[in-house]
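Enquirer:
2 protein chains.
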Amino acid sequence: VEVRVWSRNETPLDAVRSLGFARVCTSDLAEAVAGAKCIVLCTPVETMADLAGRMLDSLDRDAAITDAGSVKGCVEAACRPILGDRFIGAHPIAGSDRTGISAASADLYEGATCVLTPAAESAPWALAAVRELWSAVGCRLVEMSPEAHDAALARTSHLPHAVASAVAAGIARSVASWPALAGGGYRDSTRIALGNADLWTGILLANRSEISTSIAELTEILQNMRAALDAGDAEVIRALLAEGRAARQQFDVFQGL
Amino acid sequence: VEVRVWSRNETPLDAVRSLGFARVCTSDLAEAVAGAKCIVLCTPVETMADLAGRMLDSLDRDAAITDAGSVKGCVEAACRPILGDRFIGAHPIAGSDRTGISAASADLYEGATCVLTPAAESAPWALAAVRELWSAVGCRLVEMSPEAHDAALARTSHLPHAVASAVAAGIARSVASWPALAGGGYRDSTRIALGNADLWTGILLANRSEISTSIAELTEILQNMRAALDAGDAEVIRALLAEGRAARQQFDVFQGL
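Protein chains in written order, with our numbering: chain Z, 1 to 257; chain W, 1001 to 1257.
1) Run through chain Z and tell me which residues come within less than 9 Å of S1157(W), C-beta to C-beta.
2) State the CB to CB distance for the pair H161(Z) and I192(Z), rounded to an integer number of angstroms; the pair is presumed to be in contact (CB under 8 Å).
3) When the Cβ atoms of the segment 1178 to 1187 of chain W are set against those of the segment 1205 to 1216 of chain W, are three or more pairs found closer than 8 Å?
4) What does the alpha-carbon distance come out to for the pair N196(Z) and L1240(W)?
5) Report back the beta-carbon spacing between A1112(W) and P1081(W) to the nearest angstrom; my notes put them in contact at under 8 Å.
6) Let me see if you follow: with CB-CB separation under 8 Å, is W1006(W) close to chain B or not?
7) Starting from the Cα of A90(Z), find the closest Cα among D107(Z), A119(Z), A106(Z) and give me that residue.
8) What number of angstroms, rounded off, separates the C-alpha of S174(Z) from the C-alpha of R1131(W)?
9) May I ask you to report which of helix, strand or coil DSSP gives A262(Z)?
10) Quick check: is the beta carbon of P160(Z) nearer than 8 Å to any beta carbon in chain W?
11) Give me the Cα-Cα distance between R1023(W) and I211(Z), rounded to the nearest whole angstrom.
12) Report the residues of the segment 1027 to 1059 of chain W with a CB closer than 7 Å to any CB of chain Z, ordered along the chain.
13) Considering just the uninterrupted stretch of the alpha helix (DSSP H) at A32(Z), what are its terminal residues?
14) Give me the chain Z residues within the contact set of D1107(W), using Cβ-Cβ distance strictly less than 8 Å, ordered along the chain.
15) Within 10 Å of its beta-carbon, does G20(Z) have 16 or more other beta-carbons around it, so buried, or fewer, so exposed?
16) Please name the residue, chosen from T1213(W), T1099(W), A1246(W), L1051(W), that lies closest to A1152(W) on a Cα-to-Cα basis.
17) Hey, does S174(Z) have any beta-carbon neighbour from chain W nearer than 8 Å?
18) Can you name the residues of chain W whose CB is closer than 7 Å to the CB of F87(Z)?
19) Rounded to whole angstroms, what is the Cα-Cα separation between L83(Z) and S1096(W)?
20) Just the Cα atoms here: how many angstroms apart are A1049(W) and A1063(W)?
21) Distance, Cα to Cα, D1060(W) vs G1035(W)?
22) So, are the CB atoms of E76(Z) and P146(Z) less than 8 Å apart?
23) Within 8 Å (strictly less), CB to CB, does L962(W) reach chain Z?
24) Where does G84(Z) fall in DSSP's three states?
25) Within 8 Å (strictly less), CB to CB, does T1099(W) reach chain Z?
26) Give the secondary structure of R140(Z) by DSSP, where H, G and I count as helix, E and B as strand, and everything else as coil.
27) Who are the neighbours of S1102(W) on chain Z, taking C-beta pairs under 8 Å?
28) Under 8 Å Cβ to Cβ from N1009(W), same chain only, skipping five residues before and after it: list those, please.
29) Provide the residue span of the alpha helix (DSSP H) that contains W1200(W), from first to last.
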């Protein structure tokens, strides 16, 4: 397999070149795209359509295109009219709060779920190529509609991010000397707040309707918890903590943790 | 230093004995306490007063007593009338969602903050002994009132726990097949929901007034975020994400991460 890397800037490409895995490292989009059989769009979701439009003239007839965006409805709506039935949206559920080539990891996708969002009109050959690519890097494939993806990921990924940011910001606003008074629970539960603010602003806005609803759902649970605390109702508190614990254990079992 | 371990049950003591660090392992409270110079109460906060009362008759005249509870106001109120000026409340901010001797770690306290909550009437010799103990196991000491501790830890520790449980429970309620659709962000941000539900019910209730207020504070931030999402206001979203990120970075810098 020949790997090519494109970036709009030359600077990060030097670091990519030094790693030696890519045969072509270029900021020339036509050079990267011409002859490529499977292309992965890895920019913020709101800039993918522009990128897709600029590569159209250089695309091989049999080039399949996928992406790695965290929201699928907006990417589908923006890219399919440009790329047609060769585009198969994807979301590999992997990554961290870190960005750039220095955060690269050869086994990043090993065992991770990759959601594919093929449409009825997707070309079978393109779907096969995209399935093969994400499987080859180690992903477990799940296929669903962009709408189902966005509703699920609003809750499993985007909401936790928004909450981590809100918790971290709120603590810093209200507690003097808080860095000395926070421990492992704070560290882990707010880790994702370290993510790039511009990137995540794009993700949250691209899925804002579902995330807004999920915030309302969480707020209702928190209000119930608050009422139970105010009433000193141990059973309600214990039931919610046990429910959260059982759910989290289910995740560990599924992931083989 | 001679270490003694007391447990109300014999079963966990066998595992402690096999580790070999404790000279005495017993379920006889009088045997554990007689002659001890510094005693650490490590039970759920709501049972400490009962334990303190039962050890009174066996205590050496110069035995200092401290604890490892996550809430300090309730422990102070319950234990000081029993133990008097020899009691110095403490909260070592360390641990995980795991419990029992199999989760023991020799460097658990290395670099962790331990909050001490001495009162005006605390005996200087007891405060010196308790400071020496927590310092000797590697803690950085911070001293404040029980009330200041509970207000701060409600936000840096108890709130994140309540939120992690609420997020984990809410996702499992609303998303089909969610374990396959959650990744590293979910894993880390809900890790503390794995904590013991009974233990944490006790902690949350013991500090319920401050935690209730902190839930209200968080809910307000989340409602502002929701309004910004509904309005498509990128600047408000970006500002909150950047604020959370800067706070979280401050923690990493403080902790030397």
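Note that CB positions come from ideal geometry on N, CA and C, so glycine has one too.
Expert: Let me spell this out:
1) L181, A182, G183, G185, Y186
2) 5 Å
3) no
4) 12 Å
5) About 29 Å separates the two Cβ atoms, so there is no contact after all.
6) In the displayed structure, chain B is absent; the protein chains listed are Z and W.
7) A119(Z)
8) 28 Å
9) Residue numbering for chain Z in the displayed model covers 1 to 257; residue 262(Z) lies beyond these limits and cannot be assessed.
10) yes
11) 56 Å
12) none
13) 29 to 33
14) Near D1107(W) there are no residues of chain Z at all, since even the closest Cβ is about 13 Å away, more than 8 Å.
15) exposed
16) T1213(W)
17) yes
18) Under the 7 Å cutoff, chain W gives no residues; its nearest Cβ is about 22 Å from F87(Z).
19) 49 Å
20) 17 Å
21) 6 Å
22) yes
23) Summary: the structure shown does not reach residue 962(W), with chain W confined to residues 1001 through 1257, and so no result is reported for it.
24) helix
25) no
26) strand
27) Near S1102(W) there are no residues of chain Z at all, since even the closest Cβ is about 17 Å away, more than 8 Å.
28) Same-chain partners within the cutoff: S1027.
29) 1197 to 1206
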